[in-house]
Amino acid sequence: MKTLVANWKMELGVRESVALARGVLRGLRGVKEVPNVYVAPSHTALTDVAKVLGRSRVMLAAQDMHREAQGAYTGFVSAKQLKEVGAQAVILGHSERRAYAGETDADIGCKLALACEHHLDPIICVGEPSAVREAGEAAGYVSEQLQTILAAADMPKRQRLMIAYEPLWAIGTGVTPTIHDVREVHLLIRSRLKDAGMERARVLYGGSVNAQNIYEFINDDDVDGVLVGGASVRLNSLRELINVVSEIG
Ligand code: 13P
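Plus 23 on top of the position in the sequence shown (first one is 1) and you've got my numbering.
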């Protein structure tokens, strides 16, 4: 079964997030083969969206968490606190966190260890800037990012883990890599995962995925799912994405 993660970024308030989550559940009524769908609202909406999702098959993800377990960290949110409000997964190392909050692979490694400890499914983001892609070094760059992150955490072999390959130049731009380029990076990601004994991890693609292009990515054997931003914050478009993922199974 393929995976779709809807990252709502800082786009929606609590009421909008609740309405969107309700809409997703309505759209899935009667669907037998439900794909793995995660919705990731802002922290402020997690509790309310958790109530809407209840025991449904749609899972709740947070967009980030702090690298320390607890302490004097004003304004941050811990893994334990996320678990407490019903999150099942957490996005770690999104490029927007790296760019605007200065997160490093070492920080992300610490977060990964904590997420595992608190039984949150980590969704780790990696991806290269355009200059690296143009230099033909994308796969190596991503592989190194992942190696540093994975080295920081001693994960149980049965840990559910997702790696999202999100090239920076494809996020929110309408520009996407070719499926050939995605495959090349995904293969190297899988080989790093194998080195770490985590070959069961899912490898997702993210960056300008929409209802028109999702099929090409999701239908590929080397792509276990997608991480979607902009096209996931409106109900019609999110439902279309989920439908395509459901049809592929
Ligand atoms: P877009 O789908 O808006 O390009 O965003 C991708 C992303 O950053 C998902 O985490």
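C-beta: ideal position from N, C-alpha, C; glycine also.
- Following the DSSP letters along the chain, one finds TYR238 inside the alpha helix (DSSP H) bounded by residues 237–241.
- Assignment of TYR123 by DSSP, reduced to helix, strand and coil, places it in the helix class.
- Distances from the alpha-carbon of ASN242 to those of ARG262, VAL47, ILE271, ASP218 put ILE271 closest.
- The distance from the Cβ of VAL28 to that of ALA84 is about 6 angstroms, consistent with a contact at the 8 angstroms cut-off.
- Under DSSP, PRO145 shares a beta bridge with VAL113.
- A Cβ-Cβ contact shorter than 7 angstroms links LEU191 with PRO152.
- Taking CYS133 as the centre and dropping the five residues before and after it, the same chain places the C-beta of ARG90, ALA175 closer than 7 angstroms to its C-beta, in chain order.
- Distance from MET88 to SER101 at the Cβ level is roughly 6 angstroms; contact confirmed, criterion being Cβ atoms closer than 8 angstroms.
- Relative to the ligand 13P, GLY248 has its C-beta separated by 6 angstroms or more from all heavy atoms.
- Exclusion of the five residues before and after LEU169 leaves VAL149, ILE186, ILE212, ARG215 as the residues of its chain whose Cβ lies within less than 7 angstroms of its Cβ.
- Each residue's CA atom was taken as its position, placing GLY197 and GLY53 some 33 angstroms apart.
- Taking a C-beta distance under 7 angstroms as the contact criterion, GLU189 and GLY229 qualify as a contact pair.
- Taking C-beta separations shorter than 6 angstroms and ignoring five residues to either side along the sequence, the partners of TYR61 in its chain run VAL28, MET82, ALA84, ALA112, following chain order.
- Under the three-state reduction of DSSP, THR199 is assigned to coil, being neither helix nor strand.
- The residues ALA193, GLY230, SER231, ASN236, in chain order, have a CB closer than 7 angstroms to that of THR199 in the same chain once the five nearest residues on each side in sequence are set aside.
- In the DSSP assignment, ILE194 falls outside any alpha helix (DSSP H), carrying neither H nor E.
- Assignment of ARG49 by DSSP, reduced to helix, strand and coil, places it in the helix class.
- Secondary structure at THR26: strand, using DSSP grouped into helix, strand and coil.
- In the three-state DSSP reduction, GLY98 falls in the coil class, being neither helix nor strand.
- In this chain, the beta strand (DSSP E) harbouring ARG225 covers 225–229.
- Looking only at ASP245, LYS32, ALA124, the smallest Cα-Cα distance to MET24 is reached by ASP245.
- Within the chosen limit of 6 angstroms, the ligand 13P does not reach the beta carbon of VAL268 with any heavy atom.
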